[in-house]
Amino acid sequence: MRTVTGPCQRTVAEVFEECQKAAALPADTGRGLFNGAMQPGLVVVVEDDPAIADIQRRYLSAAGFGVHTERDGRAGLEAIRRLRPVAVVLDVGLPSLDGIEICRTLRGENDWTPVLFVTARDDEVDRVLGLELGGDDYLTKPFSPRELVARIKSVLRRQSGPPAPVVALGRVRLDETRREIRVDDAPVSLTATEFDLLAKLMSSPGRVFTREQLLSSVWGQADYGGGRTVDVHVAQVRSKLGDACPIVTRRGVGYTAEESRE
Ligand code: CA
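For the sequence shown, the positions run 99 to 360 when our numbering is used.
Okay, structure coming up:
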């Protein structure tokens with residue numbers, strides 16, 4: 099996830115204007131923007147600001163997605179249950195049920211559809227980060243519609259990678275197919291991002307990955323946020339795996355996974 103910097107307090111009018119500028123593209127530019135493999139599937143967008151929802155719908159459609167939009171939290175939750183989308187874009191501040199409650203409800207129903215949160219304020223970012231319920235990523239308003247599409251593709255890419263064999267390192271056993279982590283045979287619950295980070299490191303024990311490499315392969319982009327995103331997630335994985343955690347810091351370089359020397 100991206101560390102938020104800079105002013106987040108914008109008026110709706112300012113956000114709208116920026117989105118309009120960003121969307122003022124020739125009609126055929128959309129295809130060029132999103133070339134490469136089309137990721138088919140339906141995305142449900144829950145956003146109560148009609149101007150922002152319209153921008154999201156247009157850009158996701160141009161990228162080849164089907165898009166269903168809802169303005170209200172409860173209606174959004176019902177649509178997600180009914181339509182079973184490949185991914186969900188959730189505004190945090192919504193009427194009747196906020197985006198975080200929607201995600202919490204889905205995860206409680208064992209629905210792990212990837213979620214991209216759209217946040218307007220720092221306190222909303224804090225709540226999203228505190229969720230640890232498998233919400234995969236977030237964007238801060240105002241955002242570039244291109245980045246929205248890139249993030250959606252990124253969360254889907256993370257979900258649809260080829261299944262890898264089970265990897266064991268020291269006391270930790272990682273099953274990519276079942277997306278399961280065990281320490282001394284006891285299951286440990288990680289968020290989707292934490293799992294992907296650990297899986298990346300454990301895929302090549304002893305190899306040192308820079309923060310940029312981890313941002314690129316786990317978060318799907320090389321150029322947003324800083325190394326702190328990686329550091330925060332490494333700290334979370336360490337706190338959950340305790341002494342058994344195979345992640346080792348290579349100061350000034352990045353991280354590697356090694357069998358712990360106990
Ligand atoms: Ca809102």
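Ideal Cβ placement from N, Cα and C applies to all residues, glycine included.
Predicted, not measured: the structure shown is a model, and the values here were computed from it.
Give the secondary structure of residue i by DSSP, where H, G and I count as helix, E and B as strand, and everything else as coil.
{"i": "Thr-203", "result": "helix"}
{"i": "Gly-197", "result": "helix"}
{"i": "Ala-355", "result": "strand"}
{"i": "Leu-254", "result": "helix"}
{"i": "Ala-342", "result": "helix"}
{"i": "Ala-185", "result": "strand"}
{"i": "Gly-325", "result": "helix"}
{"i": "Val-216", "result": "strand"}
{"i": "Val-190", "result": "coil"}
{"i": "Glu-145", "result": "coil"}
{"i": "Asp-224", "result": "helix"}
{"i": "Arg-348", "result": "strand"}
{"i": "Gly-171", "result": "helix"}
{"i": "Asp-209", "result": "coil"}
Enumerate in chain order the residues of its own chain whose CB-to-CB distance from residue i is below 6 angstroms, with the five nearest sequence positions on each side excluded.
{"i": "Arg-256", "result": "Asp-294"}
{"i": "Arg-225", "result": "Ile-198"}
{"i": "Gly-352", "result": "Val-306, Phe-307, Thr-308, Arg-309"}
{"i": "Arg-280", "result": "Arg-271"}
Residue i: buried (16+ other C-beta within 10 angstroms of its C-beta) or exposed?
{"i": "Ala-333", "result": "exposed"}
{"i": "Val-57", "result": "The displayed coordinates of the chain run from 99 to 360. Any statement about residue 57 would go beyond what the structure contains."}
{"i": "Thr-275", "result": "exposed"}
{"i": "Arg-180", "result": "exposed"}
{"i": "Glu-222", "result": "buried"}
{"i": "Asp-341", "result": "exposed"}
{"i": "Glu-176", "result": "exposed"}
{"i": "Val-328", "result": "buried"}
{"i": "Val-286", "result": "buried"}
{"i": "Ala-160", "result": "buried"}
{"i": "Val-186", "result": "buried"}
{"i": "Pro-193", "result": "exposed"}
{"i": "Pro-183", "result": "buried"}
{"i": "Pro-344", "result": "buried"}
{"i": "Asp-147", "result": "buried"}
{"i": "Ser-252", "result": "buried"}
{"i": "Glu-145", "result": "buried"}
{"i": "Glu-396", "result": "The displayed coordinates of the chain run from 99 to 360. Any statement about residue 396 would go beyond what the structure contains."}
{"i": "Ala-290", "result": "buried"}
{"i": "Ala-284", "result": "exposed"}
Excluding the 5 residues preceding and the 5 following residue i in the sequence, name in chain order all residues of the same chain whose CB lies nearer than 8 angstroms to its CB.
{"i": "Asp-196", "result": "Gly-171, Val-190"}
{"i": "Pro-260", "result": "Residue confidence for Pro-260 is low, a pLDDT of 49 falling below 50, so the modelled location carries little weight; the figure read from the coordinates is stated next. Same-chain partners within the cutoff: there are none."}
{"i": "Gly-139", "result": "Phe-163, Gly-164, Pro-183, Val-184, Ala-185, Leu-254"}
{"i": "Glu-357", "result": "Leu-267, Gly-268, Pro-303, Pro-344"}
Is the closest heavy atom of ligand 3 to the C-beta of residue i under 7 angstroms?
{"i": "Val-143", "result": "No copy of ligand 3 occurs in the structure displayed; its ligands are ligand 1 alone."}
Can you list, in chain order, the residues of its chain with a C-beta nearer than 7 angstroms to that of residue i? Leave out the 5 residues immediately preceding and following it.
{"i": "Thr-203", "result": "Leu-175"}
{"i": "Thr-347", "result": "Tyr-353"}
{"i": "Val-247", "result": "Phe-132, Tyr-157, Leu-158, Ala-161"}
{"i": "Arg-249", "result": "Leu-214, Asp-235, Leu-237"}
{"i": "Met-300", "result": "Val-265, Leu-267, Leu-272, Pro-344, Ala-355"}
Unbroken stretches of the alpha helix (DSSP H), 4 residues or longer, contained in the region 263 to 319: Counting whole runs of 4 or more residues, the region 263 to 319 contains the alpha helix (DSSP H) stretches 290 to 301, 309 to 316.
Heavy atoms of ligand 1 versus C-beta positions, residues under 6 angstroms: One residue after another in chain order, those with a Cβ under 6 angstroms from a heavy atom of ligand 1 are Asp-146, Asp-147, Asp-189, Gly-191, Leu-192.
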